[in-house]
Amino acid sequence: MNDAGSTPVTIFGRTYHLRGHGDPEYLSLLATRVDEKMREVARTTGTADTLKVAILAALNLADDGIQGREVKVGRISAEELTRIGEMTARLDEILAPDATG
Numbered sequence: 132m133n134d135a136g137s138t139p140v141t142i143f144g145r146t147y148h149l150r151g152h153g154d155p156e157y158l159s160l161l162a163t164r165v166d167e168k169m170r171e172v173a174r175t176t177g178t179a180d181t182l183k184v185a186i187l188a189a190l191n192l193a194d195d196g197i198q199g200r201e202v203k204v205g206r207i208s209a210e211e212l213t214r215i216g217e218m219t220a221r222l223d224e225i226l227a228p229d230a231t232g
């Protein structure tokens with residue numbers, strides 16, 4: 132089944148024809164990442180059960196995404212906290228009652 136407008140990708144030895152609104156190169160990149168993760172899981176677990184490999188790979192990819200998001204959020208939060216602290220100090224200076232009366 133090679134539909135017009137579809138992007139052929141190979142994941143774990145099987146070819147799929149994906150259609151989407153995104154860039155075909157991006158779909159290929161995603162498929163490559165899934166293929167790599169499935170091969171890594173199969174190699175490290177020694178299982179030949181494709182369904183088990185797919186589920187474990189999906190869990191690993193989800194964990195990678197969540198961990199990456201938490202790191203990013205943590206980094207942004209630290210930067211924002213620093214900036215908020217600086218802005219608060221400036222506001223305190225501006226709004227502080229004049230000591231000279």
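Converting from the sequence shown to my numbering requires adding 131 to each position, the first position being numbered 1. Even glycine gets a Cβ: it sits at the ideal position worked out from N, Cα and C.
Test item: CB-CB of residue i and residue j under 7 Å
i	j	result
LEU149	LEU158	yes
ALA162	VAL140	yes
Beta-bridge partners of residue i, as assigned by DSSP
i	result
ILE225	DSSP lists no partner for ILE225.
ILE142	ARG145
Integer-rounded CB distance, given that residue j should sit under 8 Å from residue i
i	j	result
VAL165	ASN191	Contact flag wrong, Cβ pair sits at about 10 Å.
Nearest-angstrom Cα separation, counted from residue j out to residue i
i	j	result
GLY143	ALA209	According to the sequence provided, residue 143 is Phe. The question's Gly does not apply to it. Roughly 40 Å between the two C-alpha positions.
ASP154	ASP180	31 Å
MET218	ALA188	44 Å
GLU167	HIS152	24 Å
ARG214	GLU156	38 Å
THR146	ALA220	59 Å
GLY216	ILE197	28 Å
GLY177	GLU211	45 Å
Buried or exposed by the 16-neighbour rule on C-beta atoms within 10 Å, applied to residue i
i	result
THR138	buried
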